[in-house]
Amino acid sequence: MVLEVALIDVVPGQEDDFASAYAKGHAVLAGTPGCRSVRMTRGIESPSRFVLIVEWDSVAAHEENFRATERFTTWRSLIGPYFATPPVVEHFTDVPV
1 MVLEVALIDV VPGQEDDFAS AYAKGHAVLA GTPGCRSVRM TRGIESPSRF
51 VLIVEWDSVA AHEENFRATE RFTTWRSLIG PYFATPPVVE HFTDVPV
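Numbering (UniProt numbering) for the sequence shown: 1 to 97.
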């Protein structure tokens, strides 16, 4: 399992519109083969900052099944207009105990 974490800064004053756009596009992302779960959180101290957390089967599942498809274009067209800056996206794996 791979965790995708995206830091998304939204144009101040457009947070509610961004959240509505995310709600519309959630199924596009969540329905992608290899996607295990999707969660969006909103900053308390920084209410214009959101964090998208997606569990994928692998980095390849994210890149090949989502980023390289029309799903990504649809997703980005919904939420992209609200970005104050391009999101910072990274992948993570669990640290063994």
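Glycine included, every Cβ here is placed at the ideal spot set by N, Cα and C.
Same chain, Cβ closer than 6 Å to residue i, five either side skipped, listed in chain order
i	result
GLY34	TRP56, ASP57, ALA61, ASN65
VAL54	GLU4, VAL38
Inter-residue spacing [alpha-carbon to alpha-carbon] between residue i and residue j
i	j	result
ALA68	ALA84	24 Å
GLU70	ILE44	33 Å
VAL5	ALA30	15 Å
GLY25	MET1	23 Å
Selected residue, minimal CA-CA separation from residue i, among the options
i	options	result
VAL10	VAL51, GLU70, PHE72	VAL51
VAL28	LEU78, THR41, PRO47, ALA19	LEU78
ARG39	SER46, TYR22, SER48	TYR22
GLU90	VAL59, THR74, ARG49	VAL59
GLY13	SER46, ASP94, VAL88	SER46
Cβ shell of residue i (< 8 Å), same chain only, five flanking positions each side left out
i	result
THR74	GLY25, VAL28
PHE72	PHE66
| Secondary structure, alpha helix (DSSP H): runs of 4+ residues fully inside the UniProt domain "ABM" (2 to 92) | 15 to 30, 59 to 62, 70 to 79
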